[in-house]
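Residue numbers 2 to 299, in the numbering used here, belong to the letters of the sequence shown in order.
This report concerns only the one structure given below.
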Amino acid sequence: MKPLKIAIVGLDTSHSVALPKLMNDPECPADMHVDGLKAVSCLRFETPFQNKEGLDKRQEQLEAWGIKVTEDFDVAVADCDAIMLEINDPAYHLEYFSRVAAMGKPVFLDKPLAGNLDEGRAILELARKHKTRVWSGSSLPFSPPLVEAVAKMEGDVTIGHCFGALGTAPAGDSLIWYGVHSFEMLQRLMGVGAEQVQAIDNGVSVVSVVNYPNNRRGVIESIRNAWRYGGRVQTAKQVAFFEVDSSKLYYNLLLAIKDFFLGGPAPVSLEQTFEGLAMMAAARQSIETGKPVAVEKP
2 MKPLKIAIVG
12 LDTSHSVALP
22 KLMNDPECPA
32 DMHVDGLKAV
42 SCLRFETPFQ
52 NKEGLDKRQE
62 QLEAWGIKVT
72 EDFDVAVADC
82 DAIMLEINDP
92 AYHLEYFSRV
102 AAMGKPVFLD
112 KPLAGNLDEG
122 RAILELARKH
132 KTRVWSGSSL
142 PFSPPLVEAV
152 AKMEGDVTIG
162 HCFGALGTAP
172 AGDSLIWYGV
182 HSFEMLQRLM
192 GVGAEQVQAI
202 DNGVSVVSVV
212 NYPNNRRGVI
222 ESIRNAWRYG
232 GRVQTAKQVA
242 FFEVDSSKLY
252 YNLLLAIKDF
262 FLGGPAPVSL
272 EQTFEGLAMM
282 AAARQSIETG
292 KPVAVEKP
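So, in structure tokens, the structure goes:
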């Protein structure tokens, strides 16, 4: 069976190199290589997240792996079976999703879903209108220690706690851009149904308390410049702690992408991904107002 031909849209993120490496690099270790996928093209354009010099270096690497890099959108997507939107700046997500939504090809939209709720809703509407097979998410919820901790739980999870990094975005909201990792980890622990968020920014971190039905609660600490992830998951009778193993995050994510591109179900729905975005937007509003904020629905 021939590998699926993958078009990459965007070159302003390290993911645009890290993920194709696992598909195309002949020197990729065997336990990291993902067969069945082959990146064939990449659309490059500048954003506030990467300058021309950085794009040039990434282009050189992709071309060494046989990937055609172009500034022409039509050329980039002309001969592909599936599309990966790998754009670091979420302000561009709606624009480029709108260009691929009606193409009839499966799409992976890298995190976060969008830069704000209005654009997130527009992406959902386009996906519904065109019946686009698409999912969006972070790599962190696929970490085996997290997945295994959840699998150990018997009965309803009552408390979930996640901590992770909060990078500084060159443009837009840093909490949405980088807090997405920890918020989507919490979703893996708690599921959907978040009702309200109260958050504070103490200068070192943003601490968000998320209320769920039936007195269930999640806590997220998004820590500035502390690049570790972990947490705990708890039921009435059990508790499990986990620390994310970052060594195979991209590998585990790409396996999920591959399964979806080959016809499998999306590991998370767009509605769930939107709820994560809405939780982050509520946290931002809570920081600004000092009050709890309801989580908006799609």
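C-beta atoms are modelled at their ideal positions from N, C-alpha and C, and glycine is treated no differently.
Straight-line spacing of the CA atoms in residue 270 and residue 189 works out to 12 Å. By the neighbour-count definition (other C-beta atoms within 10 Å, threshold 16), residue 59 is a buried residue. Short of 8 Å from the beta carbon of residue 261, and not among the five residues preceding or following it, lie these beta carbons of its own chain, in chain order: 107, 109, 134, 136, 267, 268. When Cβ pairs closer than 8 Å are counted between the two stretches, the segment 59-77 is seen to touch the segment 28-45, the count reaching three or more. Uninterrupted alpha helix (DSSP H) stretches at least 4 residues long and entirely within the segment 3-86 occur at 16-25, 53-65, 74-78, given in chain order. Each residue's CA atom was taken as its position, placing residue 272 and residue 3 some 33 Å apart.
Nearest Cα to residue 93 within the set 140, 113, 263: 113. Straight-line spacing of the CA atoms in residue 78 and residue 103 works out to 12 Å.
Between residue 125 and residue 161, the C-beta gap is not smaller than 8 Å, which leaves the two residues out of contact. Bounds of any alpha helix (DSSP H) do not take in residue 242; it lies within the beta strand (DSSP E) bounded by 240-244.
In the three-state reduction of the DSSP assignment, residue 213 falls in the strand class.
Shown here, residue 119 sits in a helix according to DSSP, grouped into three states.
Contact annotation: residue 200 and residue 296 have beta-carbon atoms that are not nearer than 8 Å. Under the three-state reduction of DSSP, residue 296 is assigned to coil, being neither helix nor strand. Looking at the DSSP output, residue 166 sits in a beta bridge with 224. Cβ-Cβ distances below 8 Å link residue 17 to 9, 11, 43, 59, 63, 87 in the same chain, with the five nearest sequence neighbours on each side left out; the list follows chain order.
Beyond the five residues adjoining it in sequence on each side, residue 242 comes within less than 8 Å, by CB distance, of 150, 231, 232, 233 in the same chain, given in chain order. Minimum Cα-Cα distance from residue 185 among the listed residues 5, 142, 168 corresponds to 142.
Burial is judged here by how many other beta carbons sit within 10 angstroms of a residue's own beta carbon; residue 152 has fewer than 16 and is exposed.
Unbroken alpha helix (DSSP H) stretches of 4 residues or longer found wholly inside the segment 135-190: 145-153, 175-179, given in chain order. Residue pairing by DSSP places residue 109 opposite 85, 136 in a beta bridge. Here the alpha carbons of residue 292 and residue 74 stand approximately 44 Å from one another. In the three-state reduction of the DSSP assignment, residue 279 falls in the helix class, which pools H, G and I.
Residue 47 and residue 13 have their C-alpha atoms spaced approximately 7 Å apart. In terms of Cα proximity to residue 240, the closest of 120, 156, 56, 21 is 156. Counting along the chain, the unbroken alpha helix (DSSP H) around residue 260 starts and ends at 250-262. Partner residues in the beta bridge of residue 206, as assigned by DSSP, are 224.
Annotated three-state conformation of residue 128 is helix, per DSSP. One thing to note: residue 221 has its Cβ no nearer than 8 Å to the Cβ of residue 205.
Per DSSP, the continuous beta strand (DSSP E) segment holding residue 234 begins and ends at 231-235. Residue environment analysis places residue 203 among the exposed positions, since fewer than 16 neighbouring C-beta atoms fall within 10 angstroms of its C-beta. In the DSSP assignment, residue 197 forms a beta bridge with 212, 295.
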